[in-house]
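K.L.:
Number of protein chains: 2
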Amino acid sequence: MADATEIRRSADVDTYDMEADVVVVGLGAAGACAAIEACDAGADVLVLERASGGGGTSANSGGLIYLGGGTPVQQECGFEDSVDEMFKFLMYASAPGASEDKIRPFCEQSVDHFHWLEAQGVPFKRSFWKEPGMEPPTDDCLVYSGGEDCHPFAEIAQPAPRAHKAQAPHAAGAFLMQNLLATVETRPLRVEADMAAETLIQNEHGRIVGVVVRTVGEERTVRANRGVVLTAGGFIMNDEMVARHAPALSVCNHKNATPNDDGRAIRMGQAAGAALTRMHMGEVALPITIPNRLGRGIFVNRHGQRFINEDTYYGHIGLAALFKQDGNAWLLLDNETFERNFIGSEPAFVAETVADIAATAGFPAGALEATVALYNRHAANREDPVFHKRADFVQPLTNGPFALIDARTSGTIYATFTLGGVETLPGGEVVNPDRHTIPGLYAAGRTAALFCGLGYPGSGMSLADATFFGRWAGRSAAR
Amino acid sequence: MADATEIRRSADVDTYDMEADVVVVGLGAAGACAAIEACDAGADVLVLERASGGGGTSANSGGLIYLGGGTPVQQECGFEDSVDEMFKFLMYASAPGASEDKIRPFCEQSVDHFHWLEAQGVPFKRSFWKEPGMEPPTDDCLVYSGGEDCHPFAEIAQPAPRAHKAQAPHAAGAFLMQNLLATVETRPLRVEADMAAETLIQNEHGRIVGVVVRTVGEERTVRANRGVVLTAGGFIMNDEMVARHAPALSVCNHKNATPNDDGRAIRMGQAAGAALTRMHMGEVALPITIPNRLGRGIFVNRHGQRFINEDTYYGHIGLAALFKQDGNAWLLLDNETFERNFIGSEPAFVAETVADIAATAGFPAGALEATVALYNRHAANREDPVFHKRADFVQPLTNGPFALIDARTSGTIYATFTLGGVETLPGGEVVNPDRHTIPGLYAAGRTAALFCGLGYPGSGMSLADATFFGRWAGRSAAR
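These protein sequence lines are chains A and B, in that order. Under the working numbering, read the first sequence as residues -6 to 472, first letter to last. Under the working numbering, read the second sequence as residues -6 to 472, first letter to last.
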């Protein structure tokens, strides 16, 4: 197999086995949306998928899509939202390094995007599910997925739930993709499966004019008369790329991915001169405060100190635990707050008193006790002036026995996928390090860098980015 | 001016204005060492420097070079060191993501490198300066520069001081470069100043065969018969690149750089297909515990919690404060521990009691008091079981008035430079994302990624990497 970076010169290509106006590489959510839009814009579209069928990592996901500014679901469920409040939240929660040039139009056209998704056959129930964070176990739609109603975000922007799940129980990624793929089938476009893209074809002017693919061991050349759209996932399954670019993620033991998230498309883009952005970033979910009532416990680091308001989104908790506490965290619960969490964690330690559990678990002498004493002193008034947890979640931890849940990377699930990739303009045009576009080359989904900076605002962000900017990339390529 | 990424095809170059076997771009420490070695290996060498003379950021630096394993200075000062202990320290302090393939030979040949530097006319006094962290104000040589004798490193490897300063008072970077440049002048090689490299020249086989430069407004083409070595600094002075790759560094207000650290050479390398590594990383020095006795105070974050052993290297403190506390930190001192620090910080708050200073500074109710109470309880026994500060630095903070030094990014110096760059093999060969070498292209110094991972072990690391692997790059290019 050729290396991704051995770009093929068009002068070295004698004949093309296939041809289209727009060639889309990868048929996950971004690829499906790009293909539909390119086709609707009048282009002859060919989609190349490495697996035996479409879906990609999108089909393995929870299926939440972050949308707001007053969608029909938000309105019918009685939530006020606006473009400005959504924008304020996303910019704050994404900082530093957020791409304002993408976040602004994404917020402004979020309601339109909701309608477009429905028009492609993706149904959303007009209902709200009050347990925040992850996808509802029912077919309900709307959830808080980014701690919008928690500190510090509630003080920055008017809170509203914005994660929308298509109308299917539990994880709805497969259902989302079934519907998008069914819509793809209604369009006059071609999908070729079992086609592994290997490298791009570039002409003497630097323009991308095609793709080299491999199918059942044989090479095929594909000409793209208007453009190639790379929508072939991220790189979390490529250990060498993770070690080089995002070594902190290498300790995360659960990858939200398919084996094809090996960074191939990102390296193909690099070979054409693409800039890469924020390659060290990942989403990191630590899902051990689900159900959210478990946020009545307190997270502590290895020094016995709290480090976050425990009521917030488990993605904020995961990023803080991994990047700021080096993956060393514990969740302390007492007999009043303990319940079995979503993943069924057994307590690593149980003891009658805080002092006993601290000694057994090996915390520095007096440290956990001091933390609990300060917490309980304020909790008696339902206050948390140190980390600003909401009053509903604040109650003194005084009723033994106490339990410590192991929230270290070695002790529980840290679920991750990569957020860095090739740099694109809002229209999906891939740019080089001088921010000049590479003619004929487009990207979206996790092959491209997410529009966020060093923050990950909440669940549903990656599919929102993939579907919204996948559409834009498809339209741009069709021009 | 042409963009860095508009690579020039050799087919489009009619004549070359200059020619050499090896062309070195940039005459800082890495460039000087590369040029000397390439010349000594028998190559005809041409050095192109953008400024009006050599020196670069190396000449603006403190001049510390990290060397160990039993150098003559270490031996004569009575410090035992070995390759293994140096290796253990560097691997641990660099993790995760450290380049073992570079750290291993760097440790093994560190003593040889010391002798080579002396042979190039860089003198090192056989003396130790006991104040750790930064360059001695005298012409003394050896200092602890990475917290080797502090937690956690002292438990990982046998401590030894390893930062070596050339024999000149205060910052010795200029003196180091004077000597290296004088040696460059003794060699039969050419140095052309005021030559701004614009882009690389690549032939039809992908080999780098030259450089396009600009001088007094005119373009010149330079042929490199064996190789081009990029040693032209990092990118901390390029706001757009910092925003894209290392947004966390953008709040650092003191840049260890010259205006030429604009990432030009890194972008030139990218245009030739180079992989980039660890672009988000920087060195971050928070020099407010100099003199080191100030480590008897305690750093606290905005929650009033400690976060590090205060006796350690101020680079470890800076990285922890910026990356793990979002740049929010304060140094608390009492009347016994207070003294004027190196940069002359005035206390932001002064009060008679901890409770008063906490209230005045706006810490959460009771938080700072709880931290100080726990610290003092153990400090009464000269112990610090929470952060493991050495006993010499542990004394109760009980004697008012108390002072808080503002250690936020907005309140004091955070000195930074970038550590990411093009990826190289130990021999300086630049590699593409599939880890294939790009024929004819080499890099060293801050144009290349430092051999560390997400840690920065100590002062002197960047000059050590630049001089040691600059030599290797020069030798490789000369072959």
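The C-beta atom is built at its ideal place from N, Cα and C for all residues, glycine as well.
State the start and end residues of the unbroken alpha helix (DSSP H) segment that holds V76 (chain B).
P.N.:
Residue mapping note: residue 76 (chain B) aligns to position 83 of the second sequence, counting from 1. It spans V76 to S87 - the alpha helix (DSSP H) in which V76 (chain B) sits, taken as one unbroken run.
K.L.:
Use the C-beta contact count for E211 (chain B): other C-beta atoms within 10 angstroms, 16 or more gives buried, fewer gives exposed.
P.N.:
Sequence index remark: in the second sequence, residue 211 (chain B) carries index 218 (1-based). By the 10 Å Cβ count, E211 (chain B) comes out exposed.
K.L.:
Provide the residue span of the beta strand (DSSP E) that contains Q517 (chain A), from first to last.
P.N.:
What is shown of chain A runs -6 to 472, which leaves residue 517 (chain A) out entirely.
K.L.:
Let me check one thing: in DSSP terms, what residues is G414 (chain B) bridge-paired to?
P.N.:
Translated into positions along the second sequence, residue 414 (chain B) becomes position 421. Bridge partners of G414 (chain B): B:T270.
K.L.:
Taking Cβ-Cβ distances shorter than 7 Å, what residues in chain A pair up with R43 (chain B)?
P.N.:
Counting from one through the second sequence, the residue named residue 43 (chain B) turns up at place 50. Per Cβ cutoff of 7 Å: no residues; R43 (chain B) is ~18 Å from chain A at best.
K.L.:
Excluding the 5 residues preceding and the 5 following D255 (chain B) in the sequence, name in chain order all residues of the same chain whose CB lies nearer than 6 Å to its CB.
P.N.:
By 1-based counting over the second sequence, the position of residue 255 (chain B) is 262. Contacts found: M230 and N231.
K.L.:
Does DSSP classify H157 (chain A) as helix, strand or coil?
P.N.:
For the purposes of this step, residue 157 (chain A) is identified with residue 164 of the first sequence, where counting begins at 1. The answer is strand: DSSP assigns H157 (chain A) an E or B state.
K.L.:
Can you look up H247 (chain B) in the DSSP assignment and give me helix, strand or coil?
P.N.:
If you number the second sequence from 1, residue 247 (chain B) lands on position 254. Looking at H247 (chain B) - three-state DSSP - the assignment turns out to be strand.
K.L.:
Please confirm whether T430 (chain B) has its beta-carbon closer than 7 Å to some beta-carbon of chain A.
P.N.:
If you number the second sequence from 1, residue 430 (chain B) lands on position 437. It does not: the Cβ of T430 (chain B) has no partner Cβ on chain A nearer than 7 Å.
K.L.:
Along the alpha helix (DSSP H) that carries E362 (chain A), what are the first and last residues, could you check?
P.N.:
Within the first sequence, residue 362 (chain A) is the residue found at index 369, counting from 1. Note, E362 (chain A): alpha helix (DSSP H), A360 to A372.
K.L.:
What is the DSSP secondary structure of Y449 (chain B), counted as helix, strand or coil?
P.N.:
Start at 1 with the first residue of the second sequence, and residue 449 (chain B) comes out as number 456. DSSP places Y449 (chain B) in coil when its eight states are reduced to three.
K.L.:
Taking the alpha helix (DSSP H) that I350 (chain B) belongs to, which residues open and close that run?
P.N.:
The sequence position of residue 350 (chain B) within the second sequence is 357, counting from 1. Here the alpha helix (DSSP H) through I350 (chain B) covers V347 to A354.
K.L.:
What in chain A is Cβ-close to A352 (chain B), meaning under 8 Å?
P.N.:
As a working note, residue 352 (chain B) is residue 359 in the second sequence. Ordered by position in chain A, no residue passes the 8 Å Cβ test against A352 (chain B), which lies about 12 Å from the chain.
K.L.:
By Cβ distance below 6 Å, which residues in the same chain neighbour E30 (chain A) in space, the five residues on each side in sequence not counted?
P.N.:
Sequence index remark: in the first sequence, residue 30 (chain A) carries index 37 (1-based). If we look at E30 (chain A) and ignore the five residues flanking it on each side, its Cβ neighbours are R464, G467 and R468.
K.L.:
Could you name the residues that DSSP lists as bridge partners for T192 (chain A)?
P.N.:
By one-based count along the first sequence, residue 192 (chain A) stands at place 199. Note: T192 (chain A) sits in a beta bridge opposite A:V205.
K.L.:
Name the residue from A:G226, A:M261 and A:A267 whose alpha carbon lies nearest to the alpha carbon of K248 (chain A).
P.N.:
Residue 248 (chain A) sits at position 255 when you count from the first residue of the first sequence. The residue with the shortest Cα to Cα distance from K248 (chain A) is A:G226.
K.L.:
Where does R43 (chain A) fall in DSSP's three states?
P.N.:
As a first step, residue 43 (chain A) must be located in the first sequence, where it is residue number 50. Looking at R43 (chain A) - three-state DSSP - the assignment turns out to be coil, as it is neither helix nor strand.
K.L.:
In terms of residues, what are the limits of the alpha helix (DSSP H) holding D255 (chain B)?
P.N.:
Taking the first residue of the second sequence as 1, we reach residue 255 (chain B) at position 262. It is not in any alpha helix (DSSP H) - D255 (chain B) carries neither H nor E in the DSSP assignment.
K.L.:
Check the Cβ-Cβ distances between V379 (chain B) and every residue of chain A, and say whether any is below 7 Å.
P.N.:
Looking up residue 379 (chain B) in the second sequence gives position 386. Yes - at least one Cβ of chain A is within 7 Å of the one on V379 (chain B).
K.L.:
Using a beta-carbon distance below 7 Å, is K248 (chain B) in contact with chain A?
P.N.:
Position 255 of the second sequence, counted from the start, is the residue given in the question as residue 248 (chain B). It does not: the Cβ of K248 (chain B) has no partner Cβ on chain A nearer than 7 Å.
K.L.:
Measuring CB to CB, does R383 (chain A) end up less than 7 Å from D304 (chain A)?
P.N.:
The residue you call residue 383 (chain A) lines up with position 390 of the first sequence. The residue you call residue 304 (chain A) lines up with position 311 of the first sequence. Their beta carbons are under 7 Å apart, which means R383 (chain A) touches D304 (chain A) by this criterion.
K.L.:
To test your reading of the DSSP string, which unbroken alpha helix (DSSP H) runs of 4 or more residues are found completely within the region 97 to 132 of chain B?
P.N.:
Runs found: 103 to 112.
K.L.:
Under 7 Å, Cβ to Cβ, is there at least one residue of chain A near L418 (chain B)?
P.N.:
Taking the second sequence and counting its residues from 1, one reaches residue 418 (chain B) at position 425. For L418 (chain B), the answer is no, since every Cβ of chain A falls outside 7 Å of its Cβ.
K.L.:
Check the Cβ of G446 (chain A) against every Cβ in chain B and list those closer than 7 Å, keeping chain order.
P.N.:
The residue you call residue 446 (chain A) lines up with position 453 of the first sequence. By Cβ distance, chain B contributes P240.
K.L.:
Of all Cβ atoms in chain A, is any one closer than 7 Å to the Cβ of A225 (chain B)?
P.N.:
Here residue 225 (chain B) refers to the residue found at position 232 of the second sequence. Answer no: the Cβ-Cβ gap between A225 (chain B) and chain A never drops below 7 Å.
K.L.:
Does R237 (chain B) come within less than 7 Å of chain A when only Cβ atoms are used?
P.N.:
Here residue 237 (chain B) is taken as the residue at index 244 of the second sequence, counted from 1. Judged by the 7 Å Cβ criterion, R237 (chain B) is in contact with chain A.
K.L.:
Examine the Cβ distances between the region 58 to 73 of chain B and the region 100 to 113 of chain B and report whether three or more of them are shorter than 8 Å.
P.N.:
Result yes; three or more Cβ-Cβ pairs closer than 8 Å.
K.L.:
Verify whether the separation of the beta carbon atoms of V6 (chain A) and L39 (chain A) is less than 7 Å.
P.N.:
Here residue 6 (chain A) corresponds to residue number 13 of the first sequence, with the count starting at 1. Here residue 39 (chain A) corresponds to residue number 46 of the first sequence, with the count starting at 1. Not closer than 7 Å, so no.
K.L.:
Are any of the Cβ atoms in chain A nearer than 7 Å to that of N425 (chain B)?
P.N.:
Reading the second sequence from its first residue, position 432 is the one you call residue 425 (chain B). Interface residue, yes.
K.L.:
In three-state terms, what does DSSP make of P240 (chain B)?
P.N.:
Start at 1 with the first residue of the second sequence, and residue 240 (chain B) comes out as number 247. In the structure shown, P240 (chain B) sits in a helix (DSSP, three-state: H, G or I).
K.L.:
Q160 (chain A): buried (16+ other C-beta within 10 angstroms of its C-beta) or exposed?
P.N.:
For the purposes of this step, residue 160 (chain A) is taken as residue 167 along the first sequence, with counting starting at 1. Buried: at least 16 other Cβ atoms inside 10 Å.
K.L.:
I believe G421 (chain B) touches F461 (chain B) by the beta-carbon criterion, under 8 Å. Please report the beta-carbon distance rounded to the nearest angstrom.
P.N.:
Your numbering for residue 421 (chain B) matches position 428 in the second sequence. Your numbering for residue 461 (chain B) matches position 468 in the second sequence. That belief does not hold up - the Cβ atoms of G421 (chain B) and F461 (chain B) are roughly 10 Å apart, past 8 Å.
K.L.:
Considering only C-alpha positions, which residue in the set B:C445, B:P450, B:G404 and B:L41 is nearest to V222 (chain B)?
P.N.:
Numbered from its first residue, the second sequence carries residue 222 (chain B) at position 229. Considering only alpha carbons, the answer is B:L41.
K.L.:
If I'm right that G306 (chain B) touches R155 (chain B) with Cβ under 8 Å, what's the distance once you round it to whole angstroms?
P.N.:
In the second sequence, counting from the first residue as 1, residue 306 (chain B) sits at position 313. In the second sequence, counting from the first residue as 1, residue 155 (chain B) sits at position 162. As written in the sequence, residue 306 (chain B) is Tyr, which differs from the Gly given in the question. With a Cβ gap of about 12 Å, Y306 (chain B) and R155 (chain B) do not count as contacting.
K.L.:
In chain A, what lies closer than 7 Å to D(-4) (chain B) by C-beta?
P.N.:
Counted from its first residue, the second sequence places residue -4 (chain B) at position 3. By Cβ distance, chain A contributes D427 and H429.
K.L.:
Check whether the Cβ of R183 (chain B) lies closer than 7 Å to any Cβ atom in chain A.
P.N.:
Taking the second sequence and counting its residues from 1, the one referred to as residue 183 (chain B) is at position 190. No, R183 (chain B) lies away from the interface with chain A (no Cβ there is under 7 Å from its Cβ).
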